[in-house]
Amino acid sequence: MTKTFRNLKLSQRLFLIIIILFLIPYLLLFSSAYSRAENIIRNKIRTIETENMKQSCNTVNNLCTNIINASDYLLSLDNYSSLNTLSSSKNYEYLMAYKTLDTLIQNINNTLLNSNGEISIFSSNELLYSTIPNATLDYESFYKEQTNNISHFSNVHESYNAFMKKGKFISYINTIPSLNNGTDPFYLVISYPCKAFEITLNTASGTMQLFDNNQNQICSTSYSIPQGEFQETMSISISGWKLVDTFSSDAIYKDIYDLRVFTFMVSAFLFVICLVATFIAISIQLKPLMKLKRQMQLVSLGNLDAHLPATASNDEISSLSKTFNGMIGEISSLLDEIKITQKRESELRFEMLLAQINPHFLFNTLNSIKWMSVVAHTDNITNTITSLGRLLEISMNKVNDYLPLDEELTNIKSYIQIQRLRYPGRFEVNYSFDEKILSIYTLKLILQPIVENSIIHNIEHTDYLIIEITGELSNDNIIIHVKDNGIGIPDAKLKQILHKAENNSKGKVFSGIGIYNVQERIQLAYGCDYGLKYSSDGHSYTDVEITFPVTKQPRTF
1 MTKTFRNLKL
11 SQRLFLIIII
21 LFLIPYLLLF
31 SSAYSRAENI
41 IRNKIRTIET
51 ENMKQSCNTV
61 NNLCTNIINA
71 SDYLLSLDNY
81 SSLNTLSSSK
91 NYEYLMAYKT
101 LDTLIQNINN
111 TLLNSNGEIS
121 IFSSNELLYS
131 TIPNATLDYE
141 SFYKEQTNNI
151 SHFSNVHESY
161 NAFMKKGKFI
171 SYINTIPSLN
181 NGTDPFYLVI
191 SYPCKAFEIT
201 LNTASGTMQL
211 FDNNQNQICS
221 TSYSIPQGEF
231 QETMSISISG
241 WKLVDTFSSD
251 AIYKDIYDLR
261 VFTFMVSAFL
271 FVICLVATFI
281 AISIQLKPLM
291 KLKRQMQLVS
301 LGNLDAHLPA
311 TASNDEISSL
321 SKTFNGMIGE
331 ISSLLDEIKI
341 TQKRESELRF
351 EMLLAQINPH
361 FLFNTLNSIK
371 WMSVVAHTDN
381 ITNTITSLGR
391 LLEISMNKVN
401 DYLPLDEELT
411 NIKSYIQIQR
421 LRYPGRFEVN
431 YSFDEKILSI
441 YTLKLILQPI
451 VENSIIHNIE
461 HTDYLIIEIT
471 GELSNDNIII
481 HVKDNGIGIP
491 DAKLKQILHK
501 AENNSKGKVF
511 SGIGIYNVQE
521 RIQLAYGCDY
531 GLKYSSDGHS
541 YTDVEITFPV
551 TKQPRTF
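Residue 381 in UniProt numbering sits at position 381 of the sequence shown; the count goes up by one each step and never skips.
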């Protein structure tokens, strides 16, 4: 997975990272907001249903109270005489009492019972009054229920009209004290249709049911009971009935589902817009980087004229562009320097080739003279010619420009032997080298021009010239000193001694290689940190310091 991610383009990786970093908080926020909205809607529906139940409970309770009040009012002292008269005779007084009672009951029914009540008065064997047409004494169940209750609400029952069924009723039964000193009690029964109770029930999304004390359903707002886990129950205080409100999860989640669909559509739309905006923003931000990539590809093909236009921005990409332009400039400069160096190296090699022409002829001539001196038994001349021949051979050798330091010392000793023949008893050369550095490779003929300069410039001005050549190892560098007790070098000349113009007149000595050429050869081979360093007090000594790095294997160009 990590490898696949790394193989993606930078724009694709940035796009993917932004999507992930945006999508995770978005999903968390969406989930949290949706969950909170769900809880709010659920609680809101519960609150609404609870308020509806309280309102319905109050309405049912008030209706039951009205029924009880109607019963109590009919049994008050003011109306008791009419009931007593009604039960004692069938004469004119009975008719008047019946009419009075009927008017009173109709007023009570209209006022307290919304004209829905059916009122009956009867004993165990006599029906005194009833608002139910063609009523009969089919009241056995009510009589039995009255055994242990003075007054109460009955269970749900059918209307006791023998000729016409009017549906289910709930009745309030109240006992009337014995009329006319009789032994059998009379009962006042106020029956109220269950349908009328249904009107009082109010629910927003569920099904509300009213149950009597025996769990018989009095009424319901719906014939189908929802299968849901949300249910609220309240009691009707005055009657002891139970009001149950059941509502399904669909009722709750309908609004939540609508909210979820709307939120998802809006979020998806915004998410797509954000993706497009992110892609455009990434493309704009990476545009300079893509330009940098194209310019680098041009450079890889060898086009060093590639560059990026300067911008006023200070961001990282602008910094990279500036660094790239600077790098290309440095590369161009380095290539120019390399070309100049290679050109100068070719010139030096050409000079060395030219310098080899005369030494080659001279070497052959000296070789003939050497054998003539051997025949003549002149050893002094033989040794001198042998040393000179060795130097000429080293000078003409183009196979390798490097040789071990001990061989370079052998060459300088050959040169000293030749100069002693020229200046007998005028100078001496002392050597002091750490044996560890004798196997280190160095450029050939770097000591001879320096020693030659020391002899030529000082021998005529010094009674006895002493030259000390020392070598040591210091921090992975070889440091060689060539010091003499000559007349020194003035400061003005000391500052210019390593310049080519100063040495051209004196550079064409034995090997054809002057001080300047030694300096340039060392720096071409090892770098500008190495080379010659002159020091002098201007009248009593000159010290030349030669520095080059440790090389145990011969270098090749």
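C-beta: ideal position from N, C-alpha, C; glycine also.
Hey, how far is the Cα of residue i from the Cα of residue j?
i    : j    : result
I45  : I238 : 28 Å
I487 : G531 : 23 Å
L304 : R344 : 23 Å
I68  : I199 : 19 Å
S220 : Q209 : 4 Å
T542 : D476 : 25 Å
K195 : L243 : 15 Å
W241 : N39  : 31 Å
R13  : I19  : 10 Å
A33  : I284 : 34 Å
T246 : L21  : 44 Å
R422 : T341 : 38 Å
P549 : P404 : 13 Å
K287 : K254 : 49 Å
I489 : G538 : 5 Å
G329 : V429 : 50 Å
Let me confirm a value: residue i is counted as buried when at least 16 other C-beta atoms fall within 10 Å, else exposed. Which label applies?
i           : result
I446        : buried
residue 558 : The question about residue 558 has no answer, for the chain in this structure spans 1 to 557.
C528        : exposed
R521        : buried
S505        : Reliability of the predicted coordinates at S505 is poor, the pLDDT of 40 falling under 50, and the value obtained from them is presented with this limitation in mind. By the 10 Å Cβ count, S505 comes out exposed.
M265        : exposed
D434        : exposed
E347        : exposed
N174        : buried
V518        : buried
S454        : buried
A268        : exposed
T147        : Legend: pLDDT at T147 = 46, less than 50; position of this residue unreliable, no value from coordinates given.
N43         : exposed
I546        : buried
Per DSSP, what are the beta-bridge partners of residue i in this structure?
i           : result
G425        : None, per the DSSP bridge assignment.
N214        : None, per the DSSP bridge assignment.
E468        : N430 and K483
V272        : Paired residue(s): none; V272 is not in a bridge.
residue 567 : The requested residue 567 does not occur in the structure, where the chain is confined to residues 1 to 557.
Y26         : Answer is none; Y26 lacks a bridge partner.
G531        : T547
Q231        : T246
S474        : N477
F122        : L127 and Y187
E158        : K168
S536        : T542
Would residue i and residue j qualify as a contact pair, given that the criterion is a beta-carbon distance under 9 Å?
i           : j    : result
Y431        : T470 : yes
I479        : E472 : yes
residue 573 : D212 : This structure does not reach residue 573, given that the chain is present from 1 up to 557, and the question cannot be answered.
A306        : Q295 : yes
L409        : L438 : yes
L188        : V60  : no
G167        : P193 : yes
I190        : I119 : yes
K495        : V544 : no
A37         : L270 : no
L292        : S321 : yes
Y526        : L498 : no
N325        : L308 : yes
Q417        : F427 : no
M234        : K54  : yes
L104        : L75  : no
Would you grab the beta carbon distance between residue i and residue j for me? Rounded to a whole angstrom, and I think it's under 8 Å.
i    : j    : result
I515 : P449 : 6 Å
F30  : F279 : 22 Å between Cβ atoms; not a contact.
I121 : L128 : 4 Å
L465 : I456 : With a Cβ gap of about 11 Å, L465 and I456 do not count as contacting.
N214 : N155 : 5 Å
I48  : I256 : Contact flag wrong, Cβ pair sits at about 15 Å.
F169 : L63  : Contact flag wrong, Cβ pair sits at about 13 Å.
I236 : C57  : 6 Å
L289 : I317 : 5 Å
V451 : Y415 : 7 Å
N485 : S536 : At roughly 11 Å, the Cβ-Cβ gap does not stay under 8 Å, so N485 and S536 are not in contact.
N107 : G117 : No, N107 and G117 are not in contact; Cβ-Cβ is about 12 Å, not under 8 Å.
Closer than 8 Å to a non-hydrogen atom of the ligand NAD - does that hold for the CB of residue i?
i   : result
K44 : With respect to the ligand NAD, the structure shown offers nothing to examine, as it has no ligands at all.
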